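Residue numbers (UniProt numbering): 1 to 169.
First up is the structure itself, then whatever we jot down about it.
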Amino acid sequence: MKVSVKHIYLSEDHNYFGRYGKGSLDHAIVERDEITLRAGKGIEGDRFFDFKPNYKGQITFFDAGVYAALQEEYPGLAFEPSVFRRNVVVSGVDLNSLIGKRFRLNGVEYTGSGECSPCFWMDEAVAEGTEEFLKGRGGLRCRILNDGSLRVGEFELEVLGDVGDGEQG
């Protein structure tokens, strides 16, 4: 299937992760045209790079259609897809269908390790009710299986099969 990579984002540090009860921070998120991916480690230059062994969120994907739906839900608000702090915004694929799957995009293989569940910080980042709106469509967490790169553009996404024991979760 054809998948369009619309946006790619990196941030060197966390605004929300590990901040429960402490308040959010304001570390920049930067848009890139291309990123370098390292097997088992993540995205070079990103806050989760080499976070911990076999981390399930080495890269995160977000559906551009969910972003558009949220804009319709809150028509008076102006916000960019970077507000969700997911790495890659795509269209053309149901991200939840990739949970528990091994797939290839632009020569890089991934395992869909689980939903990138929204948290209460989404209400601060966008508007009250955003966390609830995003439940079940917060994005996809993945592990990276081989070194490579990903850039903005259109690519073929190939589902390679189900993940083996220990590759998901």
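Just so it is clear, CB atoms sit at the ideal spot from N, CA and C, and this is done for glycine as well.
All values reported here derive from a predicted model rather than from experimental measurement.
Cβ pair residue i, residue j closer than 8 Å
i           : j           : result
residue 30  : residue 150 : no
residue 61  : residue 140 : yes
residue 160 : residue 102 : yes
residue 63  : residue 83  : no
residue 74  : residue 125 : no
residue 42  : residue 49  : yes
residue 106 : residue 9   : no
residue 2   : residue 154 : yes
residue 183 : residue 138 : Within the shown structure, residues of the chain are numbered from 1 to 169, placing residue 183 beyond reach of any answer.
residue 97  : residue 46  : no
residue 53  : residue 7   : no
Opposing strand residues paired with residue i [DSSP bridges]
i           : result
residue 157 : 105
residue 151 : 34
residue 140 : 61 and 115
residue 89  : 7 and 62
residue 43  : 37
residue 99  : 112
residue 162 : 101
Rounded Cβ spacing between residue i and residue j (contact assumed at less than 8 Å)
i           : j           : result
residue 112 : residue 142 : 6 Å
residue 152 : residue 33  : 5 Å
residue 136 : residue 56  : At roughly 18 Å, the Cβ-Cβ gap does not stay under 8 Å, so residue 136 and residue 56 are not in contact.
residue 59  : residue 37  : 7 Å
N-terminal and C-terminal residue of the beta strand (DSSP E) that residue i is part of
i           : result
residue 63  : 59-63
residue 134 : Where residue 134 is concerned, there is no enclosing beta strand (DSSP E), although the alpha helix (DSSP H) it sits in stretches over 130-134.
residue 8   : 2-10
Range covered by the alpha helix (DSSP H) that runs through residue i
i           : result
residue 122 : 121-125
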